[in-house]
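Student: As numbered in the working numbering, residues 3 to 244 make up the sequence shown, in order. The C-beta atom is built at its ideal place from N, Cα and C for all residues, glycine as well. Since we're looking at a predicted model, the values are computed, not measured. This is the structure I have questions about; it appears just below.
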Amino acid sequence: MISFFRKIRQKLLSQKRITRYLIYALGEILLVVIGILIALSINNWNEDRKNKIKERELLNELTKDLREDLVMLEFQLSQSDSILKYLNVLKNPPPPGKAFDDALASADKGTLANYRYSAMRSIESIGIDIIQSKDLLESINNYYRWWDFGNEIYRIDFDEFWKSEWLPFFRKYTDRGVSGGNFSRTFSPKDYEGMINDPDYQNILMGKIYIFQDFKLRFESTRMRGENLIEEINEYLSTEMH
3 MISFFRKIRQ KLLSQKRITR YLIYALGEIL LVVIGILIAL SINNWNEDRK NKIKERELLN
63 ELTKDLREDL VMLEFQLSQS DSILKYLNVL KNPPPPGKAF DDALASADKG TLANYRYSAM
123 RSIESIGIDI IQSKDLLESI NNYYRWWDFG NEIYRIDFDE FWKSEWLPFF RKYTDRGVSG
183 GNFSRTFSPK DYEGMINDPD YQNILMGKIY IFQDFKLRFE STRMRGENLI EEINEYLSTE
243 MH
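Structure representation (structure tokens):
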């Protein structure tokens, strides 16, 4: 093909048909440019297609993570309900014995919800621009920012309450604590009457009730955000990516 075009150019030059030669040369250049543009267009199309396939894979993985988050949140909500139930039992304490001890052991528990981040970590490693919808990307980022904010509040509020109020009080009246290098969780009060009549008893119970009511609200809000994000991703996959 190259030798064919060269022969045409040589023939035009030998015939001193300069004008036609220039027109031909410009046409040849134009064909080369068009060929390059077509090749670039095909290459860009292939890259865009690969990116869309990868974007779909990542969003499907993210949806899977979100569904696992929802399962975990349901468990944490159930745990919170259980803890609140036993805290309320202790507000009107049963007589000393197994019922009281079991309620105290159950109320002593804590809860912390951690999200799955594997899909989001993959998105970040590839580059967040792989998600072509800026609105969807903002929704995803907001979801994880909300998680981080909630967990930070938990660590600040609950850890402070736990260390400064809950543990000191119940270590004073029960055998709860670490013994011989092993964690011991025994809740038969050493002084039942002294404990339930201590002015701090009701205050500490109400403090933990308030904290766990707040946790429940956060878990419920996070669950709603997760459900909405799954719906937004599914809508994007079914419309924008076809």
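Return the first residue and the last residue of the alpha helix (DSSP H) that A105 is part of.
Tutor: That run of the alpha helix (DSSP H) goes K100 to A109.
Student: Compute the beta-carbon to beta-carbon distance between F163 and G209, rounded to the nearest angstrom, for a pair I have assumed lies under 8 Å.
Tutor: F163 to G209, Cβ: 6 Å. Contact.
Student: Taking the CB atoms as reference points, tell me whether L92 and A109 lie closer together than 7 Å.
Tutor: Yes; because the gap between Cβ atoms is below 7 Å, this pair is in contact.
Student: For the alpha helix (DSSP H) containing G209, name the first residue and the last one.
Tutor: P201 to T241 is the extent of the alpha helix (DSSP H) around G209.
Student: Going by the CB atoms, is the gap between I232 and L68 shorter than 7 Å?
Tutor: Yes. Within cutoff.
Student: Under three-state DSSP, which class holds T113?
Tutor: Three-state result, T113: coil.
Student: What does the alpha-carbon distance come out to for the pair K56 and I132?
Tutor: Roughly 8 Å separates the two Cα atoms.
Student: Buried or exposed for Q204, going by 16 or more other Cβ atoms inside 10 Å?
Tutor: Q204 comes out exposed.
Student: Using three-state DSSP, classify R118 as helix, strand or coil.
Tutor: In the structure shown, R118 sits in coil (DSSP, three-state: anything other than H, G, I, E or B).
Student: For I125, count neighbouring Cβ atoms within 10 angstroms of its own Cβ and tell me buried if that reaches 16, exposed if not.
Tutor: I125 comes out buried.
Student: For F6, which residues in the same chain have their Cβ closer than 8 Å to its Cβ, ignoring the five residues on either side in sequence?
Tutor: Caution applies to F6, whose pLDDT of 49 falls short of 50 and renders its modelled position unreliable; the value that the coordinates give is listed next. Excluding residues within five positions, none has a Cβ falling inside 8 Å.
Student: Answer yes or no: do L75 and R225 have a C-beta to C-beta separation smaller than 7 Å?
Tutor: Cβ atoms of L75 and R225: closer than 7 Å.
Student: Measure from the alpha carbon of N230 to the alpha carbon of each residue in R58, K100 and T65, then state which is nearest.
Tutor: Of R58, K100 and T65, the residue nearest in Cα terms is T65.
Student: Apart from the five residues on each side of it in sequence, which residues of its chain come closer than 8 Å, Cβ to Cβ, to E195?
Tutor: Result list for E195: empty, nothing under 8 Å.
Student: Of the choices N153, K52, K87 and D202, whose alpha-carbon is the least far from that of L169?
Tutor: Considering only alpha carbons, the answer is D202.
Student: Please state whether the Cβ-Cβ distance between S120 and K218 is less than 7 Å.
Tutor: Result no, Cβ atoms of S120 and K218 do not sit closer than 7 Å.
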